[in-house]
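Shown next, in structure tokens, is the structure this report addresses.
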Amino acid sequence: MQYKVIFHVDELAKWNLVLSNLSNLVNALKVGDFQVDVLANSEAVRYYESQDSHQDFFKMEKLAQTGVRFVACNNSLRAQKLNPDDLFNFVEIVPVGVLELIEKQQLGFAYIRP
Amino acid sequence: MQYKVIFHVDELAKWNLVLSNLSNLVNALKVGDFQVDVLANSEAVRYYESQDSHQDFFKMEKLAQTGVRFVACNNSLRAQKLNPDDLFNFVEIVPVGVLELIEKQQLGFAYIRP
Amino acid sequence: MQYKVIFHVDELAKWNLVLSNLSNLVNALKVGDFQVDVLANSEAVRYYESQDSHQDFFKMEKLAQTGVRFVACNNSLRAQKLNPDDLFNFVEIVPVGVLELIEKQQLGFAYIRP
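Chains as they are written, first to last, in this note's numbering: chain L, 63 to 176; chain S, 63 to 176; chain W, 63 to 176.
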């Protein structure tokens, strides 16, 4: 069985909890046994900003290397006045975050909102 | 593909974010391509109260006209001492909000909790 | 139709709302018509601590007797320095809470995050 899940984060204050959840999950599984997406929208996309690289950057980069996809909502980037160039280079962008949340669930992904 | 989703809101403070999510979603899709429900329970049902019509009323009414269903949990209405007559006229009522959240997901609706 | 749902609680402050949701749900259904799990992780596992038995203990015990499964994430128990012996005796333990949330959804359980 392959584990498929999309995490949803729309508050900056929730990122620590999300990253802790992701570490627990990835440590429990073998690479290749999971598809894990993290969809950030609203203010939460600011955590992807590379300018003032925060302490969690290395944690996120390591998770990205194991296959975790970090995704940003483009509507939210615009609302937060962020450009794609401002983000960590492992971040992917989708036009509408909530649409991504729906599509992934309709493809059989579980949804977790820490 | 038709997009089916139920949004869950149980905090008054989350309505702004929910309505912003809904606008982004509806703007990205064609009417008829989606079934979008919003289930409010707990204190969040108070945002449906029509007496002191708030600034988001027009936003909600416009969304309702595109097909978004705004739904209230009747248990929560009772707990908040609200009558059906107190609500915006586009609001539908279900007996038990959490039951609606389960039934919709078992019918293939995605779940989003902003 | 059998109702299957997993509730997710990761904040202590949300327990009141979760227990109220559970009571509404169980009162609306017949025993045997539902599978209801509650997965607590992060700080929320502290509500399972039996030492200072709180006012909601009887509410939880009664729900457990109707078939509601109260589950704790073992990673979170360790992080909170709690032992299995410290918990109410109706609490079950799983190794990784988020994995349980994924598995249950992939088995057709709805997800509710109050």
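Quick reminder that beta carbons are idealized off the backbone N, C-alpha and C, glycines included.
CA-to-CA distance, residue j to residue i, given in whole angstroms
i: Arg140 (chain L); j: His116 (chain W); result: 47 Å
i: Asn103 (chain L); j: Asp147 (chain W); result: 40 Å
i: Ala90 (chain S); j: Leu169 (chain S); result: 23 Å
i: Glu105 (chain S); j: Lys92 (chain L); result: 42 Å
i: Leu84 (chain L); j: Cys135 (chain W); result: 14 Å
i: Leu125 (chain S); j: Ile155 (chain W); result: 43 Å
i: Phe96 (chain S); j: Phe132 (chain W); result: 35 Å
i: Val158 (chain S); j: Ser112 (chain W); result: 31 Å
i: Ile165 (chain S); j: Tyr65 (chain W); result: Looking at the sequence provided, one finds Glu at residue 165 (chain S) rather than Ile. Each residue's alpha carbon lies about 8 Å from the other.
i: Lys143 (chain S); j: Asp118 (chain S); result: 22 Å
i: Asn145 (chain L); j: Asn137 (chain S); result: 45 Å
i: Thr128 (chain L); j: Glu123 (chain W); result: 41 Å
i: Ser82 (chain L); j: Lys121 (chain L); result: 10 Å
i: Tyr110 (chain S); j: Val130 (chain S); result: 14 Å
i: Lys167 (chain L); j: Gly94 (chain W); result: Strictly speaking, residue 167 (chain L) in this sequence is Gln, with Lys absent from that position. About 28 Å.
i: Leu98 (chain S); j: Val98 (chain L); result: Position check: residue 98 (chain S) holds Val in this sequence, whereas Leu was assumed. Answer to the nearest angstrom: the Cα atoms are 25 Å apart.
i: Asp114 (chain S); j: Asp114 (chain W); result: 44 Å
CB of residue i within 8 Å of CB of residue j, strictly
i: Val107 (chain S); j: Leu87 (chain W); result: no
i: Asn101 (chain L); j: Leu163 (chain L); result: This sequence places Leu at residue 101 (chain L); Asn is not what is there. Yes, they are a contact pair.
Chain-ordered chain L contacts of residue i [CB-CB under 9 Å]
i: Arg131 (chain S); result: Near Arg131 (chain S) there are no residues of chain L at all, since even the closest Cβ is about 16 Å away, more than 9 Å.
i: Gln97 (chain W); result: The premise fails here: Gln97 (chain W) is roughly 16 Å from chain L at the closest Cβ pair, so nothing lies under 9 Å.
Under 7 Å by beta carbon: chain W residues contacting residue i
i: Ser104 (chain S); result: Leu79
Cβ-heavy atom distance, residue i to the ligand FMN, below 7 Å
i: Asp99 (chain S); result: The model depicted lacks the ligand FMN and carries no ligand whatsoever.
Contact set between residue i and chain A, taken where Cβ atoms lie within less than 8 Å
i: Tyr173 (chain W); result: Note that chain A does not occur in the displayed structure, where the protein chains are L, S and W.
Partners in chain L for residue i, counting only beta-carbon separations shorter than 8 Å
i: Asp72 (chain W); result: Leu79 and Pro176
Partner residues on chain S for residue i, Cβ-Cβ distance less than 7 Å
i: Leu87 (chain W); result: Val158, Val160 and Leu161
i: Ala126 (chain W); result: Here the premise fails: no neighbours, minimum Cβ distance about 18 Å.
Chain L contact residues for residue i, given Cβ-Cβ distances below 7 Å
i: Val67 (chain S); result: Ile164
i: Asn83 (chain S); result: Val160
Contacts that residue i makes with chain S (C-beta to C-beta distance below 8 Å)
i: Ala90 (chain W); result: Pro157, Val158 and Leu161
Do the region 138-156 of chain W and the region 67-86 of chain S meet, that is, are 3 or more Cβ pairs less than 8 Å apart?
-> no
Give a yes or no on contact between the region 66-76 of chain W and the region 164-173 of chain L, applying the rule of three or more CB pairs nearer than 8 Å.
-> no
Between the region 138-169 of chain S and chain L, which residues of the former have a C-beta closer than 7 Å to a C-beta of the latter?
-> none
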